[in-house]
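1253 is the number of the first residue of the sequence shown in this note's numbering; add one for each residue after it.
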Amino acid sequence: MRQLIAGNWKMNGLREEASAIVTPLRLDAADLACDLLVCPPFTQIMTVASILAGSAVAVGGQDCHTGEKGAHTGDISAAMLRDAGATWVILGHSERRQDHHESDSLIQAKTKAAVAAGLSPIVCVGETEAQRVAADQNKVVGGQLAGSLPPGFAGVVAYEPVWAIGTGKTATEADVAAMHLFIRETLVKQLGPAGETIRILYGGSVRPANAGSLLAVPHVGGALVGGASLKAEEFLGIAKAAT
Ligand code: PEP
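#1: For residue 1277, collect the residues of the same chain with a Cβ closer than 8 Å to its Cβ; drop the 5 residues on either side in sequence, then sort them by chain order.
#2: Are residue 1374 and residue 1408 closer than 8 Å when you measure CB to CB?
#3: Counting Cβ pairs, one atom from each stretch, are 3 or more of them under 8 Å apart for the stretch 1450–1461 and the stretch 1397–1416?
#4: Would you say residue 1316 and residue 1301 are within 8 Å of each other, going by their C-beta atoms?
#5: Quick check: the Cα distance between residue 1269 and residue 1444, rounded to an integer number of angstroms?
#6: For residue 1257, which three-state DSSP category applies?
#7: Does the distance from the C-beta atom of residue 1352 to that of residue 1376 stay below 8 Å?
#8: Could you round the C-beta distance between residue 1476 and residue 1338 to whole angstroms and report it? I think they count as a contact, below 8 Å.
#9: Determine, using beta carbons only, whether residue 1457 and residue 1420 come nearer to each other than 8 Å.
#10: Just to check my reading of the structure: residue 1494 and residue 1366 have Cβ atoms closer than 8 Å, yes? What is that Cβ distance to the nearest angstrom?
#11: Sorry if obvious, but does the Cβ on residue 1498 come closer than 7 Å to a heavy atom of the ligand PEP?
#12: Am I right that residue 1479 and residue 1418 are in contact with their C-beta atoms under 8 Å? What's the rounded C-beta distance?
#13: At the level of alpha carbons, what is the spacing between residue 1328 and residue 1292?
#14: Since residue 1449 contacts residue 1397 with CB under 8 Å, what's their CB separation in whole angstroms?
#15: Is it the case that the CB of residue 1273 approaches a heavy atom of the ligand PEP more closely than 7 Å?
#16: Look up residue 1283 in the DSSP assignment and say whether it is helix, strand or coil.
#17: Please go through the stretch 1280–1320 and give each complete beta strand (DSSP E) segment of 3 or more residues, from N-terminal end onward.
#18: Residues in its own chain within less than 7 Å of residue 1371 by CB, not counting five upstream and five downstream?
#19: Check whether the Cβ of residue 1262 lies closer than 7 Å to any heavy atom of the ligand PEP, and answer yes or no.
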């Protein structure tokens, strides 16, 4: 299975910046051994999708609503993401779980809506620092998987320890190995043999310098990259480390 390197731009990227990031990706992606995805803010999806049209780089959103359309001021539906040129969507990122109080059941409903609209979902899970200190990480992540993934889930899961996101702190290879094995076993229990084929991304301060060792850990199916996805050279450096 090819690894997936996904860039989460978060609330970054005006038109010129977006074009400066993706133009070099367009040229280099064809030679990569991994799948490449960029998830810009909603306002840049159409621009980015048109620059990347016909290339090997996919485009995704960072969230979607549960409904198809209607009276939901400020929200974006999965069908709108599709219409703008996205084929993927990140759901349940810890920043949305924290800032917007998103629950597992809401994330599950969003995941169903994304799949119904033809998008591939990346569902994020991960424990906070306090939960890791209390050795509760498996309980927390197990609960998030049970609550956020709909029956028959066939998308991607991203393990992102909250304490490693945007902090420069990376989980150790041993911690990543233990958690990715736990997630794999949980997916198989939850989804049956299909759980073996789900890519499990690691996210949390991935950089070109640490990507090779993190991506070599068993059951790591790629990376979800925040800060380093805002510079084409760094993002490509991570992608080149993928196997
Ligand atoms: C993220 O937000 O998904 C992320 C992993 O961020 P960073 O790479 O900046 O830690």
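Ideal Cβ positions, reconstructed from N, Cα and C, are used throughout, including at glycine.
Put simply:
#1: On the sequence shown, position 25 is the one that residue 1277 refers to. Excluding positions up to five away in sequence, the list reads 1288, 1290, 1304, 1307, 1309, 1484, 1487, 1488.
#2: One-based indexing of the sequence shown puts residue 1374 at position 122. One-based indexing of the sequence shown puts residue 1408 at position 156. Going by C-beta atoms, residue 1374 is nearer than 8 Å to residue 1408.
#3: Cβ pair count under 8 Å is three or more, so yes.
#4: Taking the first residue of the sequence shown as position 1, residue 1316 is located at position 64. Taking the first residue of the sequence shown as position 1, residue 1301 is located at position 49. Inclusion of residue 1316 and residue 1301 in the CB contact set at 8 Å is not warranted, their separation being larger than that value.
#5: Within the sequence shown, residue 1269 is the residue found at index 17, counting from 1. Within the sequence shown, residue 1444 is the residue found at index 192, counting from 1. A straight line joining the alpha-carbon of residue 1269 with that of residue 1444 spans about 43 Å.
#6: Position 5 of the sequence shown, counted from the first residue, corresponds to residue 1257. Looking at residue 1257 - three-state DSSP - the assignment turns out to be strand.
#7: For the purposes of this step, residue 1352 is taken as residue 100 along the sequence shown, with counting starting at 1. For the purposes of this step, residue 1376 is taken as residue 124 along the sequence shown, with counting starting at 1. Contact check for residue 1352 against residue 1376 fails: the beta carbons are separated by 8 Å or more.
#8: If you number the sequence shown from 1, residue 1476 lands on position 224. If you number the sequence shown from 1, residue 1338 lands on position 86. Taking C-beta atoms under 8 Å as the contact rule, residue 1476 and residue 1338 fail to qualify, at a distance of about 16 Å.
#9: What you label residue 1457 is simply residue 205 of the sequence shown in a count that begins at 1. What you label residue 1420 is simply residue 168 of the sequence shown in a count that begins at 1. Yes, Cβ-Cβ distance for residue 1457 and residue 1420 is below 8 Å.
#10: Translated into the one-based positions of the sequence shown, residue 1494 becomes position 242. Translated into the one-based positions of the sequence shown, residue 1366 becomes position 114. Between residue 1494 and residue 1366 the beta-carbon gap is near 24 Å, outside 8 Å, which marks them as no contact.
#11: Outside the shown range of the chain, which is 1253 to 1495, sits residue 1498, and nothing can be said about it.
#12: Start at 1 with the first residue of the sequence shown, and residue 1479 comes out as number 227. Start at 1 with the first residue of the sequence shown, and residue 1418 comes out as number 166. Contact holds; Cβ gap of about 6 Å.
#13: For the purposes of this step, residue 1328 is taken as the residue at position 76 of the sequence shown. For the purposes of this step, residue 1292 is taken as the residue at position 40 of the sequence shown. Looking at the backbone, the Cα of residue 1328 and that of residue 1292 are separated by about 14 Å.
#14: In the sequence shown, counting from the first residue as 1, residue 1449 sits at position 197. In the sequence shown, counting from the first residue as 1, residue 1397 sits at position 145. Contact between residue 1449 and residue 1397 does not hold, since their C-beta atoms are separated by about 16 Å, which reaches or exceeds 8 Å.
#15: Against the sequence shown, residue 1273 aligns to sequence position 21. No, Cβ of residue 1273 sits at least 7 Å from all heavy atoms of the ligand PEP.
#16: What you label residue 1283 is simply residue 31 of the sequence shown in a count that begins at 1. Residue state for residue 1283 is assigned as helix, using DSSP reduced to three classes.
#17: The stretch 1280–1320 contains these whole beta strand (DSSP E) runs: 1287–1291, 1309–1313.
#18: For the purposes of this step, residue 1371 is identified with residue 119 of the sequence shown, where counting begins at 1. Excluding its 5 nearest sequence neighbours in each direction, residue 1371 has C-beta neighbours in its own chain below 7 Å: 1330, 1333, 1334, 1338, 1339, 1340, 1341, listed in chain order.
#19: Position 10 of the sequence shown holds residue 1262. Checking the Cβ of residue 1262 against the ligand PEP gives yes.
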